[in-house]
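Trainee:
In mature numbering (1 follows the signal peptide of the UniProt record, and there is no 0), the protein residues as written are -33 to -1, 1 to 507.
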């Protein structure tokens, strides 16, 4: 598996990875509990996000084989998405007992291990139920062998098609599929076309198509795991929308947009901040401002070798500009304390807003940023102390203590997420997750994986997460990531319209001025979105 790679200013979803999964136990871990350290539990539950409804989703995943660890990785991501619709339970499929499905409103099975030994009771219950079932990728051949299956559903298992597929069409739009993805797609054998509806179609290089997702009666089948090689415009969005059919089918169309002004600190230009506030206010666009209250340059990297260290209290003009932004419709978020770590390059130069604060990283020989793991002091107490110190600066300058947290560069350990959940219970970011979060096993840091959300969720750490999902303007390529201009973000917003109640949420650096904003805001509104505040999203 590849190490997770990030850009200095634009964190994309990291590659998937995980650890071995523990056997089924009787213990259950609440996703919004203060701790996630149980070592014997393989069943985990989570509560709904605000406005999440009454769905109760059973998420079942594979655990066997050399890559059995991937099951937990995928289940974590499905659990996060499922919280948008209601409560969820995640567990290894091997522990399923006859009748378990009766306790839930829907089941999602993630087939990641070829020929996982599926319990006969599970296969029988899935074949017989009238409740919504979503079956993803492998082992559908075990299900289609159940007596009477083909007669009821009109298809049997087919063969994997390994043709190059770079796009998947859904609802009249084309979603991308990573060129590096060579895992193949299951091409089912349809025996009764009157019973099977193609929901999304994959397009081969020669222009021919094959079903990417189909539905027959209450059963939806997805031909691949949609969580690998994910980008802003990915077929992952299709899966995120298909969940509505199973978990909240009466949801009306609604498309909301958010904007967050990023990496604002004591070193920011007050005039730039005021100009941004004036423009967004003139367009009646609410916005958030991600603020770190203490600036550090311990090596003097940007100050001719002379170290600098000061807080907002020493920059009254910046404080005044932040208050101006609040008056113009801005909501301040806590974006860490210093947005850098110690006196070391982590990974760049030790300067605030450039470096990671809660996680270690380095730049490799290919100019890529690689995650290395938690900082040496990492603990709930350490993270809590930094958050409390940050809040004290906000309070002392009259800005008010923020109620929402955003991790610098979207990177933190489970202990840090626990601290944020206890102090805030609300984040506005993309999550970084680790094998062990669902199972209670020891966290496997080298196999971390990231996820962005197209709607509000309550993630496996227990916090309600305001989504950011279409990235940011980045005029120049950086750390292996291409540049992204307003047209690219607007195109991503248009693709996100496939999600019936989704968002186009972006962040924007204040030093870019207002010219790009004047393209982004009208472009996203023209696409069909209405800008709302982070607080609005926290209500569902």
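Glycine included, C-beta positions come from ideal geometry on N, C-alpha and C.
Compute the distance between the beta-carbons of residue 100 and residue 74, then report whether it is under 8 Å.
Mentor: Taking 8 Å as the Cβ cut-off, residue 100 and residue 74 qualify as a contacting pair.
Trainee: Kindly give me the distance between the Cβ atoms of residue 203 and residue 219, rounded to whole angstroms, as I take these residues to be in contact under 8 Å.
Mentor: Residue 203 to residue 219, Cβ: 23 Å. No contact.
Trainee: Kindly list the residues whose CB is nearer than 8 Å to the CB of residue 443, restricted to its own chain and excluding five residues on each side of it in sequence; keep chain order.
Mentor: So the qualifying residues of the chain are 450.
Trainee: Can you look up residue 340 in the DSSP assignment and give me helix, strand or coil?
Mentor: Looking at residue 340 - three-state DSSP - the assignment turns out to be strand.
Trainee: What separation, rounded to the nearest whole angstrom, lies between the Cα atoms of residue 112 and residue 62?
Mentor: Whole-angstrom Cα-Cα distance: 21 Å.
Trainee: Decide if residue 514 is buried, meaning its Cβ has at least 16 other Cβ atoms within 10 Å, or exposed.
Mentor: Summary: the structure shown does not reach residue 514, with the chain confined to residues -33 through 507, and so no result is reported for it.
Trainee: Which runs of the beta strand (DSSP E) fall wholly inside the stretch 417 to 470 and span at least 3 residues, in chain order?
Mentor: If we require 3 residues or more, the beta strand (DSSP E) runs fully inside the stretch 417 to 470 come out as 431 to 433.
Trainee: Pick helix, strand or coil for residue 220, following the three-state DSSP scheme.
Mentor: Coil, per DSSP.
Trainee: Counting pairs of Cβ atoms below 8 Å between the stretch 372 to 387 and the stretch 336 to 354, do you hit three or more?
Mentor: With a cut-off of 8 Å, the stretch 336 to 354 and the stretch 372 to 387 count as touching, because enough Cβ pairs lie within range.
Trainee: Excluding sequence positions up to five away, which residues of its chain have a Cβ less than 7 Å from the Cβ of residue 363?
Mentor: Once the five neighbours on either side are set aside, the close Cβ partners of residue 363 are 280.
Trainee: Within this structure, are the beta carbons of residue 499 and residue 144 separated by less than 8 Å?
Mentor: No; because the gap between Cβ atoms is not below 8 Å, this pair is not in contact.
Trainee: Can you check which of these residues, 205, 297 and 131, is closest to residue 249 by C-alpha distance?
Mentor: Looking at the Cα atoms, 297 is the closest of the given residues.
Trainee: Check whether the stretch 476 to 488 touches the stretch 275 to 291, counting contact only when three or more Cβ pairs, one atom from each stretch, lie closer than 8 Å.
Mentor: Taking 8 Å as the limit for Cβ pairs, the verdict is that the stretch 275 to 291 does not touch the stretch 476 to 488.
Trainee: Could you tell me which uninterrupted beta strand (DSSP E) segments, each at least 3 residues in length, are contained entirely in the stretch 349 to 417, listed from first to last along the chain?
Mentor: Within the stretch 349 to 417, the complete beta strand (DSSP E) runs of at least 3 residues are 393 to 395 and 398 to 400.
Trainee: Cutting at 6 Å between CB atoms, please list the residues of its own chain near residue 152, excluding the five before and the five after it.
Mentor: 128, 169, 190 and 191, listed in sequence order.
Trainee: Since residue 299 contacts residue 258 with CB under 8 Å, what's their CB separation in whole angstroms?
Mentor: Residue 299 to residue 258, Cβ: 5 Å. Contact.
Trainee: Candidates 415, 334, 361 and 355: which alpha carbon is nearest residue 511's?
Mentor: An answer regarding residue 511 cannot be provided, because it is not within the stretch -33 to 507 covered by the chain.
Trainee: Residue ranges of each alpha helix (DSSP H) run of no fewer than 4 residues wholly in the stretch 42 to 111, ordered along the chain?
Mentor: You should have 87 to 95 and 107 to 111.
Trainee: Using the rule of at least 16 other Cβ atoms within 10 Å of the residue's Cβ for burial, across every protein chain shown, is residue 393 buried or exposed?
Mentor: Label assigned to residue 393: buried.
Trainee: Excluding sequence positions up to five away, which residues of its chain have a Cβ less than 6 Å from the Cβ of residue 331?
Mentor: The answer, listed in chain order, is 337.
Trainee: With residue 385 and residue 398 assumed to form a contact (beta carbons below 8 Å), what rounded beta-carbon distance in angstroms separates them?
Mentor: Rounded, the Cβ-Cβ distance is 13 Å, inconsistent with contact.
Trainee: What three-state label does DSSP hand residue 192 in the structure shown?
Mentor: Looking at residue 192 - three-state DSSP - the assignment turns out to be coil, as it is neither helix nor strand.
Trainee: Quick one: what does DSSP say residue 277 is sitting in, helix, strand or coil?
Mentor: If DSSP states are grouped into helix, strand and coil, residue 277 belongs with the strands.
Trainee: Sorted by chain position, which residues of the same chain lie with C-beta nearer than 6 Å to residue 508's C-beta, five sequence neighbours on each side aside?
Mentor: Outside the shown range of the chain (-33 to 507) lies residue 508, about which nothing can therefore be said.
Trainee: What's the call for residue 221, buried or exposed, on a 16-neighbour Cβ count within 10 Å?
Mentor: Classification of residue 221: exposed, given that the 10 Å Cβ count is below 16.
Trainee: In chain order, what residues of the same chain have a beta carbon less than 6 Å from the beta carbon of residue 459, not counting five sequence neighbours either side?
Mentor: For residue 459, where only same-chain residues beyond five positions count, the Cβ hits under 6 Å are 199, 200 and 437.
Trainee: Tell me which same chain residues have a C-beta within less than 7 Å of the C-beta of residue 53, skipping the five on either side of it?
Mentor: Around residue 53: 15, 19, 20, 21, 22, 23, 24 and 214.
Trainee: Leaving out five residues on either side along the sequence, give the residues of the same chain with a beta carbon under 7 Å from the beta carbon of residue 51.
Mentor: If we look at residue 51 and ignore the five residues flanking it on each side, its Cβ neighbours are 16, 19, 422, 423 and 424.
Trainee: Where do the N-terminal and C-terminal ends of the alpha helix (DSSP H) with residue 508 fall, by residue?
Mentor: Residue 508 cannot be examined here, being either before or after the span of the chain that is shown, -33 to 507.
Trainee: With a threshold of 8 Å on Cβ separation, who are the neighbours of residue 98 within its own chain once the five nearest residues in sequence on each side are excluded?
Mentor: Cβ within range, chain order: 68, 71, 72, 73, 74 and 185.
Trainee: I'd like to know whether the C-beta atoms of residue 402 and residue 40 end up nearer to each other than 8 Å.
Mentor: Cβ atoms of residue 402 and residue 40: closer than 8 Å.
Trainee: Does the Cβ-Cβ distance between residue 124 and residue 105 come in under 8 Å?
Mentor: Cβ atoms of residue 124 and residue 105: not closer than 8 Å.
Trainee: Taking the C-alpha atoms as reference points, what is the distance between residue -11 and residue 49?
Mentor: Annotation note: pLDDT 22 at residue -11 (below 50); position unreliable, no value reported.
Trainee: Taking the C-alpha atoms as reference points, what is the distance between residue 277 and residue 232?
Mentor: Using only the alpha carbons, I get a separation of about 10 Å.
Trainee: Quick check on the DSSP output: what are the complete beta strand (DSSP E) runs of length 3 or more inside the stretch 262 to 323, in order along the chain?
Mentor: Those beta strand (DSSP E) runs which fall completely within the stretch 262 to 323 and span 3+ residues are 275 to 278 and 297 to 301.
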